[in-house]
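These protein sequence lines are chains S and Y, in that order. For the first sequence, counting from 1, position 201 maps to 1451 in my numbering; every step adds exactly one. For the second sequence, counting from 1, position 64 maps to 106 in my numbering; every step adds exactly one.
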Amino acid sequence: MEHVAANPWASLAYLIAGVCFILALRGLSSPTSSQRGNRFGMIGMTIAVVTTLLTHIPMGIDPDPSDYISDIPDIVTIAQILAAIAIGAVIGVVTARKIAMTAMPQLVAAFHSLVGLAAVLVAAAAFLNPAAFGIVDAAGAILPVSRVEMGLGVAIGAITFSGSVIAFLKLNGNMGGKPILLPGRHVINLAVLAGILGLIAYFTQDQSPWIFWTVTALSFVIGFLLIVPIGGADMPVVVSMLNSYSGWAAAAMGFTLHNSAMIITGALVGSSGAILSYIMCRAMNRSFISVIAGGFGGDTGGGSGEAKEQRPWKRGSAEDAAFLMSQAEQVIIVPGYGMAVAQAQHVLREMADKLKEHGVRVKYAIHPVAGRMPGHMNVLLAEANVPYDEVFELEDINSEFAQTDVAFIIGANDVVNPAAKTDKSSPIYGMPVFDVGKAKTVLFIKRSMGGVGYAGVDNDVFYADNTMMLLADAKKMVEEVVKSLD
Amino acid sequence: MDFISILSIFVLACFVGYYVVWSVTPALHTPLMAVTNAISSVIIVGALIAAAAAGIGNGGTVSKWLGLLAVVLASVNIFGGFAVTARMLAMYKKKAR
């Protein structure tokens, strides 16, 4: 049977859509071109959807094959499709408008789960009605190569779905950030993965429904099993990885449909997520395998039971902090996840404005793994109207601490821990960190002296001579500093 | 299109993706995830095909409803993804001089 999308104009349109998606990502190379990039994305999507609608006008079943009126568009189905798009549009736009910027990681995880589920549904639809997708041979059986593509599509889609649901629950706080470790989980996971791949291989020989549905079910299970043991603080990697999976799922379905727009997009999204995962792993000096194996990063709050030696440290007040910073020439602010939790970004920017009135130069230093997803801190600062040219990446600003008067740490901990450089036994050894200790003074906002970051390691910066601990909720402390600056 | 041409598009697109994504500035990594999310919902193409197929033959009706449901999910993602990306990107401002 000839393939459905064989119309050369349609293929050309899909190709143009694919190119638009490339331009959409290309636009993100700088904030100035990014909005144009996003518009390219919308144009590409419109082209893809309109092309599909025009080449697949639903036709009713011909009531009387003998007469010459045969092709009557099925108005009911057309209405249903448009209604489906409209329902999705309303939900999507309302969610996008209402969502708080601090909740972005959860939102992205939720969106990933939808792509995954959509891929599963499309694969299931293709399995049930293969003729509509043009993937059957003369005898009416599904082409073997299509079966593999379909099998992979449904498997990756299902993993994306259940994995993203778990990631969402963890990020949203419905589920504890602590890793949940099942005994023998590596063996179970490998066995389930092998089972999925084996069944997909067998699927080429036998297209019985039970194989397809077993692959689907096992994939839902493995997605759940893979993410459950990963701790809340490793979520940046997980979110990036699921981003990648959602791309591969779209690509697999693109293979089934011989659709270049889907294949190009899938490859783009797949590489994007993979690169982000790599960047995140590198920023923690951990291998991808060790993150995926899980069991690490069970959020803050632990470590209280350990017999820690009491070391002297200095406590400062908001007034001290305000005085020190107002006298400074340059202040570098290092934000972390704690800033997001306390929603302190707006008041932080107020503080920076006040300092600028005092003639202080203010810069922000962002670690790649600060927050719960790549670029999380940048978005929050942008939301608070911090100009993006005051915000710097780790490697661009790290050498400046030595010439800085005050390093102001808010909600970060492990990313400023010198143990990453000096202590080979430390779990964060080798992770690139900010050399905040080189600044003349370090102001460290922390809730209490108890919690010690997600890695559960003590931080020598707390006890350094040039460090002043500001023990309070991040937002309250910064508010007080702002008051004292008046 | 035969399998090899499709595979060629895929492999080349992976390379394009690799280079394009490395050129994305780290400050925009969150919008990158949001927009990739939106564009990966191009899977709506498959959903539309399933939804538009006539409800005849084996599983045709079920397939159609699965397709319609997938259209809803994908369009939540498309509209939501592009809208939230636009909202984020509008916040990135340069220093007022």
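Glycine residues also receive a C-beta, built at the ideal position from the N, C-alpha and C atoms.
Residue i touches chain Y at which residues, Cβ-Cβ below 9 Å?
i: Leu1262 (chain S); result: Within 9 Å Cβ-Cβ: nothing; Leu1262 (chain S) doesn't reach chain Y, min ~13 Å.
i: Ile1525 (chain S); result: Gly59, Tyr60, Val63, Trp64 and Val66
i: Pro1624 (chain S); result: Pro68, His71, Thr72, Leu74 and Met75
i: Met1295 (chain S); result: Ala80, Ile81, Ser83, Val84, Ile86, Ile120 and Phe124
i: Glu1650 (chain S); result: Going along chain Y, no residue has its Cβ under 9 Å from Glu1650 (chain S), so there is no contact; the nearest lies around 17 Å.
Can a CB atom of chain S be found closer than 7 Å to the CB of residue i?
i: Ser105 (chain Y); result: yes
i: Ile46 (chain Y); result: no
i: Ser50 (chain Y); result: no
i: Tyr61 (chain Y); result: no
Round the Cβ separation of residue i and residue j to the nearest angstrom and send it over; I've been treating them as touching at under 8 Å.
i: Ile120 (chain Y); j: Thr1515 (chain S); result: Incorrect: roughly 12 Å between the Cβ atoms, too far for contact.
i: Val1488 (chain S); j: Ile1450 (chain S); result: Not quite, the Cβ-Cβ distance comes to about 24 Å (not below 8 Å), so this is no contact.
i: Phe1658 (chain S); j: Val1581 (chain S); result: 6 Å
i: Gly1407 (chain S); j: Val1370 (chain S); result: 4 Å
i: Pro1281 (chain S); j: Leu70 (chain Y); result: 7 Å
i: Val126 (chain Y); j: Ala1353 (chain S); result: Between Ala1353 (chain S) and Val126 (chain Y) the Cβ distance is about 11 Å, and since that is not below 8 Å, they are no contact.
i: Val62 (chain Y); j: Arg1286 (chain S); result: In fact, because the Cβ distance is near 15 Å, the residues do not count as touching under 8 Å.
i: Ile1266 (chain S); j: Ile1297 (chain S); result: 6 Å
Would you say residue i lies against chain Y (beta-carbon separation less than 7 Å)?
i: Ala1511 (chain S); result: yes
i: Val1519 (chain S); result: yes
i: Phe1271 (chain S); result: yes
i: Glu1252 (chain S); result: Below a pLDDT of 50, predicted positions are generally treated as unreliable, and Glu1252 (chain S), at 39, falls in that range; no measurement from the model is reported.
i: Ile1695 (chain S); result: no
i: Gly1687 (chain S); result: no
i: His1608 (chain S); result: no
i: Phe1796 (chain S); result: With chain S running from 1251 to 1736 in the structure shown, residue 1796 (chain S) is simply not present.
i: Gln1593 (chain S); result: no
i: Ala1243 (chain S); result: The question about residue 1243 (chain S) has no answer here: the residues shown for chain S are numbered 1251 through 1736.
i: Glu1730 (chain S); result: no
i: Ile1416 (chain S); result: no
i: Val1365 (chain S); result: yes
i: Val1619 (chain S); result: no
i: Ile1477 (chain S); result: no
i: Gly1342 (chain S); result: yes
i: Gly1497 (chain S); result: yes
i: Val1395 (chain S); result: yes
i: Leu1598 (chain S); result: no
i: Ala1375 (chain S); result: yes
When you compare each of the options to residue i by their alpha carbons, which one comes out closest?
i: Ile1322 (chain S); options: S:His1306, S:Tyr1264 and S:Gln1580; result: S:His1306
i: Asn1737 (chain S); options: S:Lys1690, S:Asn1648, S:His1617 and S:Gly1366; result: Here chain S comprises residues numbered 1251 to 1736, so residue 1737 (chain S) is not present and cannot be evaluated.
i: Val1597 (chain S); options: S:Gly1384, S:Val1732 and S:Asn1493; result: S:Val1732
i: Leu1367 (chain S); options: Y:Met130, Y:Leu115 and Y:Met133; result: Y:Leu115
i: Pro1429 (chain S); options: S:Met1485, S:Ala1568 and S:Met1727; result: S:Met1485
i: Leu1262 (chain S); options: S:Ala1511, S:Ala1571, S:Thr1691 and S:Asn1635; result: S:Ala1511
i: Cys1270 (chain S); options: S:Gly1294, S:Ser1279 and S:Ser1363; result: S:Gly1294
i: Asp1655 (chain S); options: S:Val1612, S:Trp1460, S:Ala1375 and S:Glu1643; result: S:Val1612
i: Arg1622 (chain S); options: S:Asp1639, S:Val1636, S:Gly1661 and S:Asp1603; result: S:Gly1661
i: Ile1409 (chain S); options: S:Thr1454, S:Leu1476 and S:Lys1420; result: S:Leu1476
i: Ala1572 (chain S); options: S:Ala1441, S:Leu1735, S:Ile1337 and S:Val1541; result: S:Leu1735
i: Asn1439 (chain S); options: S:Phe1462, S:Val1471, S:Phe1418 and S:Asp1646; result: S:Val1471
i: Leu111 (chain Y); options: Y:Ala125, Y:Leu49, Y:Ala92 and Y:Gly102; result: Y:Ala92
i: Pro1668 (chain S); options: S:Gly1403, S:Ala1568 and S:Asp1710; result: S:Asp1710
i: Thr1454 (chain S); options: S:Gly1413, S:Ser1396, S:Ala1441 and S:Asn1493; result: S:Ser1396
i: Val84 (chain Y); options: S:Val1299, S:Asn1288 and S:Gly1287; result: S:Val1299
i: Glu1730 (chain S); options: S:Ala1375, S:Ile1695, S:Ile1525 and S:Leu1421; result: S:Ile1695
Please compile the residues from chain Y whose C-beta is within a distance smaller than 8 Å of the C-beta of residue i.
i: Met1589 (chain S); result: Chain Y residues near Met1589 (chain S): none, gap ~15 Å exceeds 8 Å.
i: His1362 (chain S); result: Asn79
i: Gly1338 (chain S); result: Val113, Val114, Leu115, Ala116, Ser117, Val118, Asn119, Ile120 and Phe121
i: Tyr1638 (chain S); result: Ala69, Tyr134, Lys135 and Lys136
i: Gln1285 (chain S); result: Ala128, Leu131 and Ala132
i: Ile1583 (chain S); result: Simply none; closest approach about 15 Å.
i: Gln1330 (chain S); result: Ala93 and Leu110
i: His1508 (chain S); result: Met43 and Ile48
Please compile the residues from chain Y whose C-beta is within a distance smaller than 7 Å of the C-beta of residue i.
i: Ser1280 (chain S); result: Thr67
i: His1306 (chain S); result: Leu90, Ile91 and Ala94
i: Ser1522 (chain S); result: Gly59, Val63, Leu74 and Thr78
i: Thr1466 (chain S); result: In chain order: nothing, as chain Y lies at least about 12 Å away.
i: Gly1291 (chain S); result: Val77, Ala80, Ile81 and Phe124
i: Ile1335 (chain S); result: Val113 and Ser117
i: Ala1568 (chain S); result: Residues of chain Y passing the Cβ test: none, with the nearest at roughly 27 Å.
Got a sec: does the ligand ADP put a non-hydrogen atom nearer than 6 Å to the Cβ of residue i?
i: Gln1285 (chain S); result: Although the ligand ADP was asked about, the structure shown includes no ligands whatsoever.
Within 7 Å of any Cβ in chain A, is that where the Cβ of residue i sits?
i: Thr1345 (chain S); result: This model lacks chain A altogether; the protein chains it does include are S and Y.
Return the chain-ordered ranges of every alpha helix (DSSP H) run that is complete within the region 82–114 of chain Y and spans a minimum of 4 residues.
-> 86–94
Which ranges does the alpha helix (DSSP H) cover as unbroken runs of at least 4 residues, wholly within the region 1650–1698 of chain S, from first to last along the chain?
-> 1669–1672
Entirely enclosed beta strand (DSSP E) segments - the region 1369–1413 of chain S, minimum 3 residues | none
May I have a chain-ordered list of the beta strand (DSSP E) segments no shorter than 3 residues that lie completely inside the region 1433–1502 of chain S?
-> none
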